[in-house]
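Below is one structure, written out as structure tokens; the observations come after it.
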Amino acid sequence: MCNTLMPKGPVWRVVGAAESSAIREALAAGRPYRNMAATLEAPGHRACMLYASMVCPYLARPNARRGLTAENPDDMTAHVVRGAVRGELGAVVGFGDYEFAVTSAQVLFRFLDVVEYLPHDTADQHLEELRAELARSGGRPAGGQPR
Numbered sequence: 002m003c004n005t006l007m008p009k010g011p012v013w014r015v016v017g018a019a020e021s022s023a024i025r026e027a028l029a030a031g032r033p034y035r036n037m038a039a040t041l042e043a044p045g046h047r048a049c050m051l052y053a054s055m056v057c058p059y060l061a062r063p064n065a066r067r068g069l070t071a072e073n074p075d076d077m078t079a080h081v082v083r084g085a086v087r088g089e090l091g092a093v094v095g096f097g098d099y100e101f102a103v104t105s106a107q108v109l110f111r112f113l114d115v116v117e118y119l120p121h122d123t124a125d126q127h128l129e130e131l132r133a134e135l136a137r138s139g140g141r142p143a144g145g146q147p148r
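Each number in my numbering comes from the position in the sequence shown (counting from 1) with 1 added on.
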């Protein structure tokens, strides 16, 4: 999102209703969460993912709908259908680590070890957290240059 190198340490991503609910249930039960299904969505800085959760209509609102359909749907992208609704309770989630694999056609990611769970119905709930994160980091992603 910001084109700044990711330093070692936690990474964040924005998740939709199904994954948010699974994470919430695992945390409430005291179980670790690890989604074995790979995703095309890369990790990001905390500030960048808080920002993305607010400016992307699909991520920001439960009634928002996808604007595009996957070009060549496969098992990983069949859910990317124009008009699909995000659903209730998205979240910005911090993960202690991630794995990736490079195939001939794409890069795939899996995230593990939840270190932060920030659920939202509407992402504007994260505005104060984003402001605080930018103040802590001097307006730059962790380890990055000023914007």
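Ideal Cβ positions, reconstructed from N, Cα and C, are used throughout, including at glycine. Remember, it's a predicted structure, so these values are computed and weren't measured experimentally.
- Here M50 is buried: its Cβ has 16 or more other Cβ atoms, across all protein chains shown, within 10 Å.
- Excluding its 5 nearest sequence neighbours in each direction, T40 has C-beta neighbours in its own chain below 6 Å: F110, listed in chain order.
- Across the structure, Y118 and A92 are spaced so that their CA atoms are roughly 7 Å apart.
- Contact check for R35 against L90 fails: the beta carbons are separated by 8 Å or more.
- Distances from the alpha-carbon of C57 to those of E20, R14 and S105 put R14 closest.
- Looking at the DSSP output, P120 sits in a beta bridge with A92.
- Here A102 carries a strand assignment [DSSP, helix/strand/coil].
- Counting every other CB atom within 10 Å of its CB across the protein chains shown gives S21 a total of 16 or more, marking it as buried.
- Linking P11 to H46 through their CA atoms gives a straight-line distance of about 8 Å.
- DSSP places R14 in no alpha helix (DSSP H) but in the uninterrupted beta strand (DSSP E) bounded by V12 to V16.
- Close CB contacts of A102 within its chain, under the 6 Å cut and outside five residues either way in sequence, are with L109 (chain order).
- With respect to L28, A124 sits apart: the two C-beta atoms are not nearer than 8 Å.
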